[in-house]
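Taking our numbering, I'd label the letters of the sequence shown as residues 374 to 1064.
Read the structure below first, then the notes.
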Amino acid sequence: MFEMDIEVFEQVMIYIVLAIAGVALAYAFWLRNYIMAADKGTAEMQRHWGHIRDGANAYLRTQLRTIAIMIVLLTVAMFLSVFVVKPTPEANEYFDGDEDRARLIIALARSLAFVMGSTFSAMVGFFGMNMAVQGNVRVAAAADRGGYQEALKIAYRSGIITGMLTDGLGLFGGTMILIVCGKASPDVLLGFGFGGTLLALFMRVGGGIYTKAADVGADLVGKVEAGMEEDDPRNAAVIADLVGDNVGDCAGMAADIFESYEVTIVSSLILGLALTAINGELYWIVLPLLVRGIGVVSSIVGTYAVSLWRVDDAEEAMFKSYEISSGITISATFLLAWLYAGQLSLATLVAVGVALAVAFNPLTSYATSAKSKRVQTISAATRFGPASVILEGLSLGYLSSVWALFVIVASLAAAIMVYSYDFPDVLKLPAVLVGLVLAVAAIARGQMRKHLVEGFFLAMWIMVFTLFLVSMHEIPAVHRYSYILFGVTLIGVGMLSHTGNNVSMDTFGPISDNANGIGELAGMGPEARRIMADLDAAGNTTKAITKGVAIGSAVIAAVSLFGSFFSDIQRVDPTFEKVVNLANPTVFVGLLIGGSLPLLFSGLLIKAVTRAAGLIIAEVRRQLRDPEIANGTKSPDYAQAVTISTRSAQAELVPVGIIAVLAPLAVGFLLKEQALGGFLAGVIVTGQLLA
């Protein structure tokens, strides 16, 4: 760290970031104590909750045992990788030019970073899901007492724990590696990022197979064949279905967002070190970490505020929370960029990332909300039969991918514009004055319409756009590529600056869904069921919105890492060309293979869900043939359906994981680096459109 000639101020700032990571973890621990102190309800509620808890824990234990074998093998691969690709010049310099010593130490550090990344990702998934399970019965108990506000508070705070773990562990890991490894940190950070990515793959895919198989099995037999209600206690797969909400939408989603969070930290440090080598300024490295620290603080403030409002609309409370966090992050980042770096362009790019996350809210709502006219068109198509419904749904699905892609393209274009064009100096002051006038007008308009808060936020976005224009400055062509890639990374940092809010909103979905299921199984009263149904409906919306944010952030993170891929190769091999030449047949082969991989994944996973669902359907049918189970005088064997789902998910997971790990290695070794660049580009484009 100190071989980087870092100033005392910057040393202090980095340690403050480390302290903020600790604050996030402490906040999560405080929330845990709050949740655990809440009432768990009646014995009947706890009995059904016990089945969900045991099933979720059994699934994660089985999955972690499966993943542990892969982690051991890949830790060895991480150690050996440094002997295939030599360390960067900065790493050799850090070790006084002793390449053999550099290889050995970096091999050890990269392996440890890989274990740390995978362990942190597993911790986010395991502890986050555990608190979601602990929260759902307490939400049901709060609703049973007739307290909408208390039920909302418990459900949301249970989700905040997962969000704070994601924030705290991700920020702690990246910052510690920078402190310990200094100039050699890019070589080590590769292991940290890959560890998080591997666990995210396994937890997301394994959880997805489990939850969809259980959902299909429970609904086809219970609802379609037997005419049962949702979460009917006679359905043997109902507990597996509720467990699936936790392992898929909580553990899997949290690990997925943690992976994007890690990757943007890794790429910002790698590309920041590259820019530091160009102009000697260390703010390229320090500022992204400080922005992440600001994001953690703003998430804590915003998420805590949800419990302070007296509202009967959970969505409104959570969206207000997001607006508060956005305002704090953008304001503090502009001050930081102005006072510390002297470059407003850095803050405007972070603000673009925040705006990108905000933009996914209406986009996702338009394609998923029951209030949307487009969704109502699908509902109206039922008059003409199932074929019309399928066609309308497919049409909306395809169009929603295009809308999301255009928003992402616009954000990437912002990074290009900032460093490719000069805004005329003579127009800067008039532009700022016009922006101020429009901002004041927006506030006045909001006050007149009695929506002052909305007026303030509109004014904020007007000023962000104004400052974006005046901060545009052209970079010489020789270095422009590196600056643009760093700009893309800052957009990713901004988009994920409110990871605490995003994960909280997502985890709120399975928590409220499980609480509603417990209410149905335990036969709770109509008022309690109404409260939980309202929370469940809000959870479905927020869950869909955060999935959009997760997908968008994954694309930005992938583009950032794509840029750091070229940056790393060029530091090791200065003769390597940054341009991927599509006219090169080898590169085009890599592009085609990469483009086909998401389709291969999708096909294999759908087939896996079909096979697993078939086993569950057979089991539910077998149990319903028992007259005592069918008439409700005997409880089904819930554990059997959970066991089937768990075993099927793990069996189907391994082949997909092996393909994900070996495919890029095979392309890289057989077709070389340029083809691997084409492969990665193909994966990003096709994966984004399918997601």
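Yeah, the Cβ is synthetic: ideal placement off N, Cα and C, and Gly gets one too.
- [ ] Take K413 as the anchor and find which of A516, D427 and M386 has the nearest alpha-carbon.
- [x] A516
- [ ] Name the residue from G1051, R984, A754 and G1041 whose alpha carbon lies nearest to the alpha carbon of A587.
- [x] R984
- [ ] Answer with buried or exposed for S672, where buried requires no fewer than 16 other C-beta atoms within 10 angstroms of its C-beta.
- [x] buried
Open item on the list: Helix, strand or coil, according to DSSP, for N889 in the structure here?
Closed with: helix
Open item on the list: Distance check for A788 and L858, CA to CA, integer angstroms please.
Closed with: 8 Å
- [ ] Helix, strand or coil for S844, going by three-state DSSP, please let me know.
- [x] coil
TODO: Measuring alpha carbon to alpha carbon, tell me which of V589, L453 and L398 ends up nearest I989.
DONE: V589
Open item on the list: On a Cα-Cα basis, can you pick out the residue from I478, G508, S491 and L433 that is closest to A411?
Closed with: G508
- [ ] Provide the residue span of the alpha helix (DSSP H) that contains R853, from first to last.
- [x] A850 to M868
TODO: Take A817 and list the residues in its own chain whose beta-carbon comes closer than 8 Å to its own, dropping the five residues that flank it on each side.
DONE: G828
Task: Residue of S484, R474 and T737 minimising C-alpha distance to G925 - done: T737
Task: Beta-carbon proximity list for S742, same chain, < 7 Å, skipping 5 on both sides - done: V748 and T914
TODO: Rounded to whole angstroms, what's the CA-CA distance from D909 to H846? Just pull it up for me.
DONE: 48 Å
Open item on the list: With three or more beta-carbon pairs closer than 8 Å as the criterion, would you say the segment 636-648 touches the segment 613-620?
Closed with: no
TODO: Taking only heavy atoms of the ligand ADP into account, decide whether any of them is closer than 7 Å to the Cβ of M897.
DONE: With respect to the ligand ADP, the structure offers nothing, as it holds no ligand at all.
Task: Boundaries of the alpha helix (DSSP H) in which H424 is found, first to last residue - done: A416 to S454
- [ ] Take F733 as the anchor and find which of S773, A705 and G715 has the nearest alpha-carbon.
- [x] S773
- [ ] Take the Cβ of P606 as the centre, count every other Cβ of all protein chains shown within 10 Å, and call the residue buried at 16 or more, exposed below.
- [x] buried
Task: Status (buried if at least 16 other CB within 10 Å, exposed otherwise) for F881 - done: buried
Task: Nearest to Y794 (by Cα), restricted to the options S718, V782, A814 and G766 - done: S718
Open item on the list: Within 10 Å of its beta-carbon, does V560 have 16 or more other beta-carbons around it, so buried, or fewer, so exposed?
Closed with: With the sequence shown as reference, residue 560 is identified as Asp, and Val is not the correct amino acid for it. Buried, since its Cβ has 16 or more Cβ neighbours within 10 Å.
Open item on the list: So, with DSSP's three-state summary, where would you put D592?
Closed with: helix
Open item on the list: Check this for me: beta carbons of D622 and K916, under 8 Å apart or not?
Closed with: yes
- [ ] For Q1083, name the three-state secondary structure that DSSP assigns.
- [x] Examination of residue 1083 is not possible in this model, given that the chain is present from 374 through 1064 alone.
Task: Residue closest to G532, alpha-carbon to alpha-carbon, out of I884, F468, G666 and A1014 - done: I884
Task: Status (buried if at least 16 other CB within 10 Å, exposed otherwise) for E602 - done: exposed
Task: Length-filtered (4 minimum) alpha helix (DSSP H) runs lying within the segment 613-680 - done: 626-652 and 656-678
Task: Three-state secondary structure (DSSP) of P797 - done: coil
Open item on the list: Can you tell me whether V813 is buried or exposed? The criterion is at least 16 other CB atoms within 10 Å of its CB, across all chains shown.
Closed with: exposed
Open item on the list: Taking the straight line between their C-alpha atoms, what separation do you get for W711 and Y695?
Closed with: 24 Å
Task: Local Cβ density within 10 Å of R434, reported as buried at 16 or more and exposed below that - done: exposed
Task: CA-to-CA distance, N889 to L681, given in whole angstroms - done: 24 Å
Open item on the list: Is the separation between the beta-carbon of V725 and that of V866 shorter than 8 Å?
Closed with: no
- [ ] Using three-state DSSP, classify M374 as helix, strand or coil.
- [x] Only weak support exists for where M374 lies, its pLDDT of 42 falling under 50; the coordinates are left without a value.
Task: Residue span of the alpha helix (DSSP H) that contains W711, given as start and end - done: Premise fails: W711 is in no alpha helix (DSSP H) and is neither H nor E.
Task: A628 beta carbon less than 8 Å from that of R577 - done: yes
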